[in-house]
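From first to last, the protein sequence lines stand for chains A and B. 3 is the number of the first residue of the first sequence in the working numbering; add one for each residue after it. 43 is the number of the first residue of the second sequence in the working numbering; add one for each residue after it.
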Amino acid sequence: MVYIKEWNKYQEAVEELYLNSPKETRYLTSWRHGKLVLKVTDNFTALKYKTDQASDLKKFERLNRSMMLKMQNRKETTTESK
Amino acid sequence: MTFLDNDLFLTQLVKLFEKTKPTSKKKVYLTMKRYTWESLKTKKERKETEKSNASDKQSVKEELQKEVDDKEYSCLVRAVYGNFKISTLVSPSDTDKFITGYSNILKVHMDSMKKKERKKEKLKAKKIQKVKATIA
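Structure below.
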């Protein structure tokens, strides 16, 4: 279990992990008043990101969207066109 | 656990967030995963067709690979706060609508995060200027 501090690295790692095992990987969010923790795991590796900055919310939204599209196996281009 | 439809899930999600209190130690958990569940019957059928085609393994593998590449799945979304649990399935066609609503709810209810320091400083500077202006 590792916390990754930089968002860009986190997003890259998460996307790679997901593409490697789309069937197993799940994406969890826990929130407790002002503290947001993201976790993506495939039962072997767990990637976590912790934040209390409001500026991370937008990135979080974007990640939600891209993860959902990945889970539905849709092409990435649909996200970029929007 | 039954699945709610997307709109109902979102309204319930709002209720869930309204239950949260800043002082409470309980957390809100949100989960997203690919929905790959199949009934026992279809599972059996799938395995049997796989078996019957086993003589031609290579082509079966290729077909399976293709299926994995092309198939679109529903996405399972689950939200938990204490005993309050809700879940929904988002089909590919509903995604955009759902995710916009979902993002908006999160944005509204996750507003207790820290704003950037810089803005605070700017505000302070403005206030000081105002005070100075009124004095002058």
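Ideal Cβ positions, reconstructed from N, Cα and C, are used throughout, including at glycine.
With respect to the C-alpha of residue 67(A), the residue from 148(B), 167(B), 83(B), 85(B) having the closest C-alpha is 148(B). Neighbourhood of residue 38(A) in chain B, by CB distance below 9 Å: 152, 155, in chain order.
Against residue 70(B), the close residues of chain A are 31, 32, 33, 34, in the order they occur along the chain (beta-carbon pairs closer than 9 Å).
For residue 116(B), the nearest CB of chain A lies under 8 Å from its own CB, placing it at the interface with that chain. Look at residue 55(A) here: in three-state DSSP terms it is strand. A Cβ-Cβ distance of about 6 Å is found for the pair residue 75(A) and residue 115(B), placing them in contact under the 8 Å criterion. Around the beta carbon of residue 21(A), fewer than 16 other beta carbons sit within 10 angstroms, so the residue counts as exposed. If you draw a straight line from the Cα of residue 92(B) to the Cα of residue 27(A), it comes to about 25 Å. Residue 35(A) holds the alpha-carbon nearest to the alpha-carbon of residue 69(B) among 57(A), 35(A), 9(A).
By the Cβ neighbour-count rule, residue 41(A) is buried, with 16 or more other Cβ atoms within 10 Å of its own. Pairing residue 141(B) with residue 46(B) gives a Cβ-Cβ distance that is not under 8 Å. Flagged as an interface residue toward chain A: residue 132(B), by a C-beta distance shorter than 8 Å. Closest by C-alpha distance to residue 51(B), out of 139(B), 157(B), 172(B), 165(B), is 139(B). Pairing residue 61(B) with residue 120(B), the inter-Cα distance amounts to about 17 Å.
Using a Cβ-Cβ cut-off of 8 Å, residue 55(A) counts as an interface residue toward chain B, since at least one Cβ of chain B sits closer than that to its own. Residue state for residue 130(B) is assigned as strand, using DSSP reduced to three classes.
Distance from the CA atom of residue 71(A) to the CA atom of residue 178(B), rounded to whole angstroms, is 58 Å.
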